[in-house]
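Working notes, structure below.
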Amino acid sequence: MKRAQRELYPLVEDLIFDAEIPQECGAAFQKIMIGLQNLEYWAISFAGSSGGLPSFLEGNYADLGNYDACVSSTARDSEGEIAFTGRYCTLLLNVYNPLLEKILINAAETQPHISDLFFNNTDHFVEFSENQYLRIGICIPSTCRGENIEYAVEKPKCYVRHSDIRCLKYSQDFRKDGNSGSLFRSAVILILVALCVLGSFFDAQEGAYTECKGGMSSRAREIVRCFSIQSSWTSVFDFEVRPNDKYLACVHGIRALTAIYIIWCHVYSVVDPLSIQNGALLIRWSRYDISFVPVYMGVLTVDTFFCISGAMTLRTFYKGSQKKKGSLLATICSDLLRRWIRLAIPSVAIIGLYTMMFFIVSGPLKDFAEPFFWGRCEEIWWTIPTMLSNVNRVEDSCLLHLWYVGADFQLRVLFILPVIAIASRSKFRAVGIVFAGAMGLASVLYVSLTTYYNKIIPAAIPSPRLLPHLLDMYYYVHSTPFTRLASFALGVGVMFVIEEQRSGKMKAFPRSVMLSLHIGIPLISVINFYLPYYWQLGGDPWTVWSALYAGLVRGIWSLGVSWLIYICAMGCGGAVNWILTLRALVPISRLSFSIYLIHILVLEVKLLQMRGTHEPGHYLQTITALGLTLLSIFCAFIFYSLVENPVANLLELFRRKNDESSLPHTGAEKLSKNSENQLKQNKIPLDRYCP
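Under this note's numbering, think of the first position of the sequence shown as 10, with each following residue one higher.
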């Protein structure tokens, strides 16, 4: 303790008498020093809750201190009144130390296991290390501001290149800006909960579907019953698939497994890079470990949804073509409006929940990230209803995964005319097929040329050598709808083949062709999936062949998905079809869109509340993913009951009203016996669920 006092006192003394430091801030530090000399608990708590310089070894760049001890620390004056409390701050430091640079150079030159991580390029290793920021949690008096500490840190101008500090806010100004919005969001949630309770009550009433004689009108009852929890429960946990949909039951399994895979990949990627302990392990993974390939190749999972979306779009218009036909313009507008409602309303709701999340969590990263994300969400929420969520740059985004919403709707707009032409079975069918195929080929050409001329990496490999190029891949390739044209087109194509062969209008493939496809497509898909391991090991990613791979990789992935759908639909899926049609996967499939939207919030609640560093490892990440998957499914059902299912029920209600049908479909309807029998035969359609 005496040694700490000897070392700290000159620094505190310099801080106290500096003209740039407010008097109350300097006085608070002086009081802390006196408390340390007297061995007072509150002063020791102040000093002990701050972190120190991390060791740097094995990529350790963070010491977060003790968040809870800091914010609970209280100093009192002679009268027992609170003089100041602890304020937790996150200090980021980019330091320059000639001695450290010599150590880094020596490590790169004498330690093969280090130099090989950077392909024996000493300059690259030193540059990478010098660009790293140290993250240190410090506890300061509440009478001080973050900029006071930043000034004190940068004052020596010897070892600090740059610093940044974010502190827990005690000023209510920031909160007042969000109070009206948070109250409005809370009121909306309460209204939705009340509607769910009231709708469930109406569903539970005997004779709820008889005409009302006084009280709430029949139409109002129908609208309220769209929010029924029984309806949500039945629509999710009704394990039976409609007889007309059973040949496509495998789609449920593909959706469910894709949703789980996305969560597993995001457990690795949605992290605070400055709070990782033993960060060198990640570098070794990205350099040598083939088990890391499924992590970064998880970016292809969204193409599964786009492929399924294409297939379900064509099937929707196939079924629509069998009914009474309206004008082409009315058909297009009706379909796009329904799709817009299904995508936009839940996505806007998830942004509202995200901004409310900051009021119920606490933690070092929350205090650091809150001002940035709060402002972004308030500024760019309008990009969701305008379906432009995929045009935001990373630094201008609120929830990155919502790029999918804009891209999905844009693909629907691009493909709607060709799909209508294909489903119409008219003379324009060939034109629709040609246009859909042309857009798929154009997608391959677009990605290949963009990758080659902009020097974009062909796969999202997060190694130190390729990490600076990941943002370019996101901007130019990952988030644009043109990249996904091939996936959507393949979904349309496989559904066209399935429907035509099932109706007998197209001959089934010969056995020799089926055998070749059974062997060829899985083999090509596996090679396509693991080929980036070549660049992970150090291959040149900026060649013509790399660009060609970048153009084909999503199409080949979607070809594999299409093949799974085809063989299962045609009755030759065998064990694969048995797995994909497991009843346990049906509820996860029906919640897949809600899971996709809300799982990021579940991950970020965990991330924002972390009090310490964490060590990566496949076992730890996998068990974390399992727990977060279960929690995401639970939260997704709540979100589905409050938002997604009522929206779907209301759309169904209005559609049936237009078709002169009396009631919306809900799982808990107590109809007459004839109506009940009809309902049992009319299970929930496969294409009701989004995506």
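Just so it is clear, CB atoms sit at the ideal spot from N, CA and C, and this is done for glycine as well. Predicted model only: the values in this text are computed from it and were never measured.
DSSP state of residue i mapped onto helix, strand, coil
i, result
"T83", "strand"
"L532", "helix"
"P373", "helix"
"A645", "helix"
"A71", "strand"
"I470", "coil"
"T675", "With a pLDDT of 45 at T675, under the threshold of 50, the modelled position of this residue cannot be trusted; read the value that follows with caution. Here T675 sits in coil by DSSP."
"F193", "helix"
"G449", "helix"
"A320", "helix"
"M523", "helix"
"P63", "coil"
"E387", "helix"
"N686", "Here the model assigns N686 a pLDDT of 43, short of 50, so the residue's position is not dependable, and the following value carries that caveat. DSSP places N686 in helix when its eight states are reduced to three."
"Q419", "helix"
"I53", "helix"
"P490", "helix"
"T119", "helix"
"G580", "coil"
"P596", "helix"
"P427", "helix"
"C407", "coil"
"N691", "Residue placement at N691 is flagged as unreliable, the pLDDT there being 40, under the threshold of 50; a coordinate-derived value is accordingly withheld."
"C205", "helix"
Element boundaries [beta strand (DSSP E), containing residue i]
i, result
"T99", "I91 to V104"
DSSP beta-bridge partners of residue i
i, result
"H623", "I285"
"I7", "This structure gives no information on residue 7, because the portion of the chain shown stretches from 10 to 700."
Endpoints, alpha helix (DSSP H) assigned at residue i
i, result
"R144", "Where R144 is concerned, there is no enclosing alpha helix (DSSP H), although the beta strand (DSSP E) it sits in stretches over L143 to P150."
"G548", "Note, G548: premise wrong, no alpha helix (DSSP H); not H, not E."
"N586", "A584 to L589"
"S343", "L337 to M366"
"L612", "S601 to L617"
"K40", "Q32 to Q46"
"H261", "C259 to S278"
"S244", "I238 to F246"
"M306", "Taken as a continuous stretch (DSSP letters only), M306 belongs to no alpha helix (DSSP H), as it is neither H nor E."
"A229", "S227 to R234"
"E653", "E653 -> no alpha helix (DSSP H), and no H or E assigned at all."
"T392", "From DSSP, T392 is part of no alpha helix (DSSP H); its letter is neither H nor E."
"M515", "Counting along the chain, M515 falls outside any alpha helix (DSSP H), and DSSP gives it neither H nor E."
"L746", "Because the chain here runs from 10 to 700, residue 746 falls outside it and cannot be looked at."
"S138", "T131 to E139"
C-beta atoms of residue i and residue j nearer than 7 Å
i, j, result
"Q286", "T492", "no"
"G155", "L73", "no"
"L660", "R347", "yes"
"N654", "S241", "yes"
"P355", "V652", "yes"
"E379", "F367", "yes"
"T313", "V570", "yes"
"A353", "I317", "no"
"T99", "P373", "yes"
"A468", "P531", "no"
"F424", "A430", "no"
"F315", "S496", "yes"
"V611", "L637", "yes"
"P427", "G449", "no"
"Y277", "V304", "yes"
"S603", "I238", "no"
"F538", "M365", "no"
"I360", "W390", "yes"
How about the region 41-59 and the region 133-148: do they share at least three Cβ pairs that are nearer than 8 Å? yes
Evaluate contact between the region 499-518 and the region 319-328, counting only Cβ atoms and requiring at least three cross-stretch pairs below 8 Å. yes
Would you be able to state if there are at least three C-beta pairs under 8 Å between the region 553-569 and the region 291-301? no
With a threshold of 8 Å, are at least 3 pairs of Cβ atoms found where one atom belongs to the region 472-487 and the other to the region 521-539? no
Report yes or no: do the region 587-597 and the region 258-277 share at least 3 C-beta pairs separated by less than 8 Å? yes
Counting Cβ pairs closer than 8 Å, one from the region 113-120 and one from the region 81-91, do we hit at least three? no
Evaluate the contact criterion for the region 544-551 versus the region 450-469: three or more CB pairs, one atom per stretch, below 8 Å. yes
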